[in-house]
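See structure below.
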């Protein structure tokens, strides 16, 4: 067998990941120029995402007007959890969750909406989801 220096291709993502991964990518691309370089899929980057959502709320944005932005930020947080824990996206009936290897299900898209309402935090969701993975 010939040895190559080529890295192995990434493992295929579950079909449920396609939309959230796209939404997360779109959210990063749409973020303000000053923030975009800091959105590196690290747990620390979620502090900035929480601040962006807080700014939308303070501006008085209607929830329906920012629904796609919140969905993208939630998907971004989900990707942070997936990458940090080795979890995977699950989807059913248009809803998406992250399942971590310990079997727990997380709802980052819903958490982004709670964050917008002033009752949630994507940073804290990620902290809880990755607590045993540090």
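Residue numbers (this note's numbering): 1 to 134.
Quick reminder that beta carbons are idealized off the backbone N, C-alpha and C, glycines included.
Keep in mind that this is a model prediction, so the values were computed, not measured.
- Between the alpha carbons of residue 24 and residue 131 lies a gap of roughly 22 Å.
- Counting only residues of its own chain and dropping the five nearest sequence neighbours on each side, residue 101 has a CB closer than 7 Å to the CB of 85, 86, 87.
- A buried status is given to residue 50, since no fewer than 16 other beta-carbon atoms sit within 10 Å of its beta-carbon.
- Shown here for residue 125: same chain residues with a beta carbon closer than 7 Å to its own, the five before and five after excluded, namely 77, 106, 108, 111 in chain order.
- Contact check between the region 24-33 and the region 59-67: fewer than three CB pairs, one atom from each, fall below 8 Å, which does not count as touching.
- Contact annotation: residue 69 and residue 46 have beta-carbon atoms that are not nearer than 8 Å.
- Contact between residue 75 and residue 20 is confirmed by a C-beta separation of about 4 Å, below the 8 Å threshold.
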